[in-house]
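Numbering-wise, the UniProt record's numbering puts 117 at position 117 of the sequence shown, and it's gapless, one number per residue.
Yeah, the Cβ is synthetic: ideal placement off N, Cα and C, and Gly gets one too.
Data first, discussion second: the structure below is written as structure tokens.
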Amino acid sequence: MTKLRLDKYLAEMGCGTRSQVKTAIRKGRVKVNEETVTSPEKKIDTGIDQVSLDDTQIVYVAMEYYMLNKPAGVVSAREDGKYPTVLELIDQKQRNDLFPVGRLDLDTEGLLLITNDGALCHELLSPKKHVKKVYYVEVDKEIPKGAAEQFQNGVDIGEEKLTLPAQLEVLTPKTARLTIQEGKFHQVKRMFEAIGTNVLYLKRLSMGTLVLDSSLPCGQYRPLTEMEIRILKGEYL
Ligand code: URA
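Below, the structure is given as structure tokens:
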């Protein structure tokens with residue numbers, strides 16, 4: 001049983017800011033179990049109570065999980081003064097506290113998990129967990145012979161330590177799949193720079209057990225399936 005204040009319930013469900021929903025409640029626009037409630041502090045049992053705003057039922061959703069095929073030109077942030085954000089693409093979201101799990105560069109495409117599950121986010125991003133991320137990469141020059149071995153041994157990208165072992169699968173002379181187990185700033189681009197090439201196109205294909213749905217067009221998203229969520233949380237192994 002989860003109990004929370006009526007104003008928090010409505011704000012979390014994206015009905016407005018905390019002060020906007022307080023005003024709506026005080027004006028008598030909110031009902032709990034068919035009765036008008038004018039006190040924002042009223043405690044709501046999310047599993048039992050029925051809440052409506054202007055007679056539209058507001059169902060409480062504790063956690064949301066979306067897989068986005070991020071397009072270029074959109075920032076992996078909650079807010080940005082210049083570019084559209086990945087959250088603006090999730091028009092079906094109900095909660096107001098979603099965030100992207102990690103960052104992809106402005107020009108990077110591909111898999112991005114959007115959720116409000118902070119514990120899962122920590123599991124996926126903590127450097128200690130070594131969660132594998134797979135990227136498809138296109139570069140400007142032929143990938144040098146020996147690159148796979150260099151990446152396996154670690155390369156100098158200007159950090160204190162070499163990069164952790166990464167697996168490079170060369171697909172064509174200028175394209176490859178790279179699996180890394182850390183997530184330093186611009187890591188993939190800096191690794192390819194370290195072997196004398198520049199990344200022209202980058203797309204994330206997977207993160208841990210979560211694989212980008214190949215039927216999801218660039219710029220589109222879908223909720224994760226129950227199975228994907230359970231596997232991602234390590235509950236189904
Ligand atoms: N590495 C990069 O260089 N950019 C990304 O967006 C992700 C990984």
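As assigned by DSSP and simplified to three states, the class of residue i
| i | result |
| --- | --- |
| Tyr83 | coil |
| Val170 | strand |
| Ile143 | coil |
| Glu109 | strand |
| Asp49 | coil |
| Tyr99 | It should be pointed out that residue 99 corresponds to Phe in this sequence rather than to Tyr. Strand. |
| Thr2 | coil |
Exposed unless 16 or more other CB atoms sit within 10 angstroms - verdict on residue i
| i | result |
| --- | --- |
| Asp55 | exposed |
| Met67 | buried |
| Pro127 | exposed |
| Ala147 | buried |
| Lys189 | buried |
| Pro75 | First, the amino acid is wrong: residue 75 is Val here, not Pro. Buried is the call here. |
| Asn116 | buried |
Host beta strand (DSSP E) of residue i (start-end)
| i | result |
| --- | --- |
| Gly73 | Per DSSP, Gly73 belongs to no beta strand (DSSP E) and is neither H nor E. |
| Ala176 | 175-180 |
| Met227 | Segment 226-232 is the alpha helix (DSSP H) holding Met227; no beta strand (DSSP E) there. |
| Arg204 | 199-207 |
| Val32 | 30-32 |
Contact test: residue i Cβ vs ligand 1 heavy atom, cutoff 6 Å
| i | result |
| --- | --- |
| Thr108 | yes |
| Glu20 | The sequence shown places Gln at residue 20, rather than the Glu named in the question. False, no ligand heavy atom lies under 6 Å from that Cβ. |
| Asp156 | no |
| Gln181 | no |
Span of the alpha helix (DSSP H) around residue i
| i | result |
| --- | --- |
| Arg18 | 18-26 |
| Arg222 | No alpha helix (DSSP H) holds Arg222; the beta strand (DSSP E) holding it covers 221-223. |
Is it a yes or a no for the segment 108-122 touching the segment 215-234, going by three-plus beta-carbon pairs under 8 Å?
yes
Are the segment 129-147 and the segment 200-213 touching by the rule of at least three beta carbon pairs closer than 8 Å?
yes
Touch check for the segment 35-47 and the segment 2-20: three-plus C-beta pairs under 8 Å?
yes
Given 8 Å, three or more beta-carbon pairs between the segment 173-182 and the segment 155-162:
They do not touch, by the three-pair rule.
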